[in-house]
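As structure tokens, the structure follows; a few thoughts come after it.
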Amino acid sequence: MKKELVIVFTIVFLLSCQKSEFEFSCDPVLNEFIIEHREELSGITIHELASYDLQLQKAIFNSWDYQKKRCAWIDKLHYVLIHLPFTESENAHIQTLITHINEEYFLKENIEKNLEIRSRFAAEWINYSINDLGWSDQFIAFMVYRLYTDQSQLNSELSMLRSIGTTIKTDSEGDCDCNVSVDFCDDFICKSGGCTISTGCGWLWSMPCDGNCY
């Protein structure tokens, strides 16, 4: 399965993001692939998801139901808690986030209804991370803007982004890989892109993907 996904994504990467109403990905080829393999993809683990390219991760995540999305984030946070040497304050801070992600957190109607409450919590959680715990923007991105289970995976993504940044910014509209209001692009800036997907970016991937890292 993984080999098949890699082959398909290699093809997808060569295509530019087009304006569309696609549900899972702004790229029609990748969107169609998710539709065809949705049932199979619904059973993969967080570790399997994290091993794929970011755009494929987000498309798969967008195809999951609200319960699977919640489980993915809870599993990731629990895994990180076990495998990284956090202080007592850091541990408590992450536990607060886990508690915040309630059973119906990713229901579409709840996301829209509780947007102000979620935004306030996110701002306070991130501010505490920076001001009280001394976390870097990159580590915060690893915690709440990516579903990676190891920091090296984010490092690899950023390294690739820097190396191909000039090319993709000049010749294509990109992959709709960030949220223009709240996201992490490292040395780049998230600017409005060529399409919008309803979820998969920003805070816990619960916000629309409506821009590209330029």
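For the sequence shown, the residue numbers in this note's numbering are 796 to 1009.
The beta-carbon is built from N, C-alpha and C at its ideal position, and this holds for glycine as well.
query, result
"Three or more C-beta pairs below 8 Å linking the region 846 to 854 and the region 875 to 893", "no"
"7 Å CB neighbourhood of ILE869 in its chain, flanking five on each side removed", "ILE893, ILE896"
"Between the CA atoms of GLU831 and GLY929 - distance to the nearest angstrom", "44 Å"
"Extent of the continuous alpha helix (DSSP H) run through CYS1004", "It is not in any alpha helix (DSSP H) - CYS1004 instead sits in the beta strand (DSSP E) that spans 1002 to 1008."
"Among TYR1009, PHE817, LEU999, LEU825, the one whose alpha carbon lies nearest that of SER920", "Contrary to the premise, residue 920 reads as Trp rather than Ser in this sequence. For TRP920, the nearest C-alpha among the options comes from LEU999."
"Assigned exposure category for GLY995 - 16 Cβ within 10 Å defines buried", "buried"
"Whole-angstrom distance between TYR1009 and GLU952, CA atom to CA atom", "14 Å"
"Runs of alpha helix (DSSP H) lying entirely within the region 900 to 983, each at least 4 residues, in chain order", "903 to 908, 910 to 926, 932 to 939, 946 to 966"
"LEU942 vs LYS871 beta-carbon contact at 8 Å", "yes"
"Distance between ASN826 and TYR940 (C-alpha atoms, nearest Å)", "22 Å"
"THR894, DSSP secondary structure in three states", "helix"
"First and last residue of the uninterrupted alpha helix (DSSP H) at PHE828", "823 to 831"
"Beta-ladder partner(s) of CYS996, from DSSP", "MET1002"
"Own chain partners of ALA854 with C-beta closer than 6 Å, once the 5 adjacent residues on each side are dropped", "PHE819, SER820, LEU825, ILE829"
"Same chain only: Cβ atoms within 7 Å of CYS980, ignoring 5 sequence neighbours per side", "CYS973, CYS1008"
"Whole-angstrom distance between GLN948 and GLU885, CA atom to CA atom", "21 Å"
"Rounded C-alpha distance that separates ILE877 from LEU956", "29 Å"
"Residues near GLY1006 in its chain [Cβ-Cβ closer than 6 Å; skip 5 each side]", "CYS973, VAL975, CYS985, LYS986, SER987, GLY988"
"Which of helix, strand or coil DSSP assigns to ILE855", "helix"
"Given GLU834 as reference, the closest of SER931, PRO880, SER858, GLU898 once Cα atoms are compared", "SER858"
"For SER987, the three-state DSSP class (helix, strand or coil)", "strand"
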